Amino acid sequence: MEYISELLKGVIIGVANILPGISGGMLAITMGVYDKIIHAVTQLFKEPLKSLRILLPYGVGAVAGIVFLSLAFEYLFHTYPLQTKMTFLGMIGGGLPSLFQKSFSKDRADRRKGILTAALTCGAVILITFIAETTITSGSSGEGMNMASGAAYLSSEKFWVFTLFLVGLVAAATMVVPGVSGSMIMMMLGFYEPILQTNNACIRALSTFDIQSLWYNGMVLAPYAAGLLIGVFLFAKVVERLLTRHERQMYQVIIGLVFSSPFVIFWDMPWEMVKLYELMGGIALALLGYVAAEMLGGEG
């Protein structure tokens, strides 16, 4: 039963990493598995068997979520954006009670510093979101994606292998650092849609046993995957060191990231087009997400 729970948590983390505005790292914290995963990644070469035992169910679940549910959630995200976003927001909110316990001491002066740290973090994320969304909006009229899409677009530049490797490193940082939406950063850089299209092309090729298409799209994604794997190890070590030496301050920053989540997730939501029944349904799903996060919470 514990193994199934870990698989399910991995699926949720994997799906979150492909949805704009949603942070997989934040949901890992909400479900109480972030510290465990980070430690297992950093100790993979020192304690391979123990680390693999911890990482395997989360990794399998995350890959399954990305491979098998990316198309479904891509549809849900575009067809029912409010309800989908509110579900994930509810799940993020479900981790707040435990986060407060880890973030603030009983000392008043320390609590004031913690609140200031959380407020500054929240403000910084909102500012970054504004800059990112402005960049995405201003670049949405470009003609690059009209000429080519997916793997053809990603491999169209001279140094595309090196570029995709760097993009993989950036994506790894957004996966490891909680509260940062990797999909939003990828959108800002102009790689979100072509990478998602190439990933989905691999899925379709696999389902139809189209080996030629699978090889072509897979090879284009290979530099990105290499950067992603290397980046996860590098950034996990940095985050673990910070959590070890400055645990309370780190969780105060994470509290700020949680409170910035509604602004990040709903920044581009056309509220004037939202109907009352959609809003009520979204609220109900947010509550279900909150309850689900509490049920999935704990240390595994």
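Numbering (this note's numbering), first residue to last: 7 to 306. Don't be surprised by glycine CBs; every beta carbon is placed ideally from N, CA and C. Source: prediction; values computed, not measured.
Item checked: Beta-carbon proximity of Gly20 to Ala70, cut-off 8 Å -> Here residue 20 refers to the residue found at position 14 of the sequence shown. Here residue 70 refers to the residue found at position 64 of the sequence shown. Cβ distance < 8 Å, so Gly20 and Ala70 count as in contact.
Just verifying my parser: in three-state terms, what is the DSSP assignment at Ile2?
Nothing in the structure corresponds to residue 2, since the chain is present only between 7 and 306.
Which term fits Ile217, buried or exposed, when burial requires 16 or more other beta carbons within 10 angstroms of its beta carbon?
-> Here residue 217 refers to the residue found at position 211 when the sequence shown is read from its first residue. It counts as exposed.
_Euclidean distance between Cα positions of Gln89 and Lys52_ = Looking up residue 89 in the sequence shown gives position 83. Looking up residue 52 in the sequence shown gives position 46. Between Gln89 and Lys52, the C-alpha separation is close to 43 Å.
| query | Taking C-beta to C-beta, are Gly101 and Thr180 nearer than 8 Å? | reply | Numbered from its first residue, the sequence shown carries residue 101 at position 95. Numbered from its first residue, the sequence shown carries residue 180 at position 174. Cβ atoms of Gly101 and Thr180: not closer than 8 Å.
Which of helix, strand or coil DSSP assigns to Leu50:
Residue 50 sits at position 44 when you count from the first residue of the sequence shown. Reduced to three states, the DSSP call for Leu50 is coil.
Open item on the list: Beta-carbon within less than 8 Å of Ala177's beta-carbon, same chain only, minus the 5 sequence neighbours each way: which residues are those?
Closed with: Here residue 177 corresponds to residue number 171 of the sequence shown, with the count starting at 1. Only Gly188, Ile191, Met192, Tyr230, Gly233, Leu234 and Gly237 meet the Cβ criterion.
> The alpha helix (DSSP H) spanning Trp221 covers which residue range?
Replying inline: For the purposes of this step, residue 221 is taken as residue 215 along the sequence shown, with counting starting at 1. Segment Ile217 to Arg251, the alpha helix (DSSP H) holding Trp221.
Fill in: DSSP-derived helix/strand/coil call for Gly295
Taking the sequence shown and counting its residues from 1, one reaches residue 295 at position 289. Three-state result, Gly295: helix.
* Leaving out five residues before and five after Lys108 in sequence, what residues of the same chain have Cβ atoms less than 6 Å from its Cβ? -> Working through the sequence shown from its first residue, we reach residue 108 at position 102. Excluding positions up to five away in sequence, the list reads Tyr257.
Q) Do you know whose CA, among Met286, Ile261 and Pro276, lies nearest Gly129's CA? A) Locating residue 129 in the sequence shown gives position 123, counting from the first residue. Among Met286, Ile261 and Pro276, the Cα nearest to that of Gly129 belongs to Ile261.
Delimiting residues of the alpha helix (DSSP H) encompassing Pro103
Walking along the sequence shown from the start, residue 103 turns up at place 97. Run containing Pro103: Leu102 to Ser109, per the alpha helix (DSSP H) assignment.
8 Å contact criterion, which Leu170 and Leu160 should meet: CB distance rounded: The residue you call residue 170 lines up with position 164 of the sequence shown. The residue you call residue 160 lines up with position 154 of the sequence shown. That pair is a contact at about 6 Å.
Simplified DSSP assignment, three categories, for Tyr86
Locating residue 86 in the sequence shown gives position 80, counting from the first residue. Correct three-state label for Tyr86: coil.
Practice problem: Specify the secondary structure class of Pro276 as computed by DSSP and reduced to three states. | Solution: Within the sequence shown, the letter at position 270 stands for residue 276. Coil.
**Request:** Pick out whichever of Thr214, Asn205 and Leu240 has its Cα sitting closest to the Cα of Met225.
**Result:** Stepping through the sequence shown from its first residue, residue 225 is reached at position 219. Ranking the options by Cα distance to Met225, first place goes to Asn205.
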